[in-house]
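Report on one structure; see the data block that follows.
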Amino acid sequence: MKLDKTSYKSFIIKNILSFSITILTFSILLNSGKADNFFYNTNINVINAPFSNGNVIGKNDITIQQKKEEKEINSDFESIKSKYYTVDKRTEIFPSDIDINKFINTNMIIDNSIEGPKILIFHTHSGENYSDSDGSFEDGIWGVGEVLKNHLENMLGIEVLHDTGRYDLVNGKGQVLGAYERMEPSIQKILKENPSIQMVIDLHRDGIAENVKLVTEIDGKQCAKIMFFNGICRLTENRKTSLNNPYIQDNLALSFKLQTAAEQFENFTRKIYINAYRYSLHFKPMSLLIEVGAQTNTKEEAKNSMYYLAKIISETIQIK
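Under this note's numbering, think of the first position of the sequence shown as 41, with each following residue one higher.
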């Protein structure tokens, strides 16, 4: 039905008045702090937190922001994982495993107030040799460990004990299988007899394809590349291995700090290798398993690298 001019003018005035009253009412509610009830009573969900531009954040906005933050965290983790780690296919690591800020702020301290050796070097696989080793005990990885011992004692000014145990021999024959189980009682005995020991290093030599050589040049010397190795006692996120290690985070922090300290020597280290099992990393919070080159390296290359390994250890560990 068409309105005449008088009715139309009356219609406009009434609506303007109604709108003005609504605005005035809301203003009074807002100033009295009752605006929230107004929204809740009308079933409108508003979260009272403004964006920097003054707009109100709604639930959808928060969900989008949370997803964005999670994506950024995962992106940072993947970047760190790619840069520093190689993860064995039998396991995987998660953002909760690698807390870089915590690692960086973890102090590695050796208390020098107790008499006796402070570092133990041993070899679960003492029979590992290099391309030009003569096959004797002293000419393989054990001889490389002896060089590391001397450098650590000179740089840190502390006593280092170097174990001569042969854990990959059974009845005079090489037997790698079961070496970690055979090593355990002997190392526990050494630690019990020497409570001053606070750092444990299991020194190995890796095995790789024959056409690959792990070598880099430092200060004009040919040096075998080294690799820090961590076992995290976990096959998958929800499946633990049968052996526990209370020091996994300590182990990871130590290897990460050494890895970053080694960046001063170009290509000296390979990526930290993460595997599922415990190995020999449960004896002390400062426990290391280190691979020094491989069977394709010479013993001189391996021994040359021990100076630089000792240097980054001496720069990471505080003696007090």
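Just so it is clear, CB atoms sit at the ideal spot from N, CA and C, and this is done for glycine as well. None of these values were measured; they are calculated from a predicted model.
Under the DSSP definition of a beta bridge, which residues are partnered with residue i?
i    : result
Y313 : T126 and F269
K330 : Sequence check: residue 330 is Ile here, not Lys. Answer is L243 and F268.
V210 : K213
Q262 : E257
V184 : Answer is none; V184 lacks a bridge partner.
I150 : I359
R279 : T276
If you drop the 5 nearest sequence neighbours on each side, which residues of the same chain put their C-beta closer than 8 Å to that of residue i?
i    : result
I120 : I138 and I140
I330 : I241, D242, L243, H244, I266, M267, F268, F269 and L349
T131 : I272, R274, L275, T276, I314, N315 and A316
L283 : C273, Y317, R318 and H322
K261 : N344
N81  : Confidence is the limiting factor: at N81 the pLDDT is only 43, short of 50, which leaves the residue's position unreliable, though a coordinate-based value still follows. Cβ within range, chain order: n/a, list empty.
N93  : Its pLDDT being 47, under 50, N93 is placed unreliably in this model, and the value from its coordinates should be taken loosely. Taken in chain order, the list of residues that qualify is empty.
A219 : T164, H165, Y207 and D208
Below 7 Å CB to CB, which residues in the same chain sit around residue i once its five sequence neighbours on both sides are set aside?
i    : result
E340 : none
D172 : T338 and K339
P157 : E199, V200, L201, N234, S236 and I237
V216 : H165 and D208
F117 : P135 and I138
D151 : Q238 and K360
W182 : H163 and S166
N278 : none
Could you check where the beta strand (DSSP E) with residue i kicks off and where it finishes?
i    : result
F162 : I159 to F162
L275 : R274 to T276
E257 : V255 to I258
L201 : V200 to H202
Does the separation of the CB atoms of residue i and residue j fall below 8 Å?
i    : j    : result
I359 : D128 : no
Y124 : I133 : no
G333 : L254 : yes
I144 : M239 : no
V187 : K343 : yes
Thinking residue i and residue j are a contact (beta carbons under 8 Å), I'd like their distance in whole angstroms, please.
i    : j    : result
S327 : Y287 : 6 Å
L196 : I357 : 7 Å
T256 : E224 : That pair is no contact at about 34 Å.
G247 : Q335 : 6 Å
F308 : I230 : In fact, because the Cβ distance is near 29 Å, the residues do not count as touching under 8 Å.
D203 : F162 : 4 Å
K142 : A293 : 7 Å
T180 : N169 : Per the sequence shown, the amino acid found at residue 180 is Gly instead of Thr. Their Cβ separation, rounded to whole angstroms, is 4 Å, which keeps G180 and N169 in contact under 8 Å.
M148 : K297 : 7 Å
In chain order, what residues of the same chain lie with their CB nearer than 6 Å to the CB of residue i, ignoring the 5 residues before and after it?
i    : result
S354 : M195 and L196
N88  : Confidence is the limiting factor: at N88 the pLDDT is only 46, short of 50, which leaves the residue's position unreliable, though a coordinate-based value still follows. Correct list: empty, nothing qualifies.
R206 : S166
E112 : Residue confidence is low: E112 scores 48 on pLDDT, short of 50, so the model does not pin down where it sits. Its coordinate-derived value is still stated next. Within the same chain, E112 has no close Cβ partners at all.
Y347 : H191
I102 : Low local confidence applies: a pLDDT of 48 at I102 is under 50, so the model's placement there is unreliable, and no value is given.
N291 : N270, L321 and S327
S226 : G205
Which residue comes first and which comes last in the alpha helix (DSSP H) that contains residue i?
i    : result
L231 : A219 to E233
I144 : I140 to I144
F296 : I288 to A301
E340 : K339 to T356
So with Cβ pairs under 8 Å, would you call residue i a contact of chain C?
i    : result
S236 : Within the model displayed, chain C is absent; a lone protein chain is all it includes.
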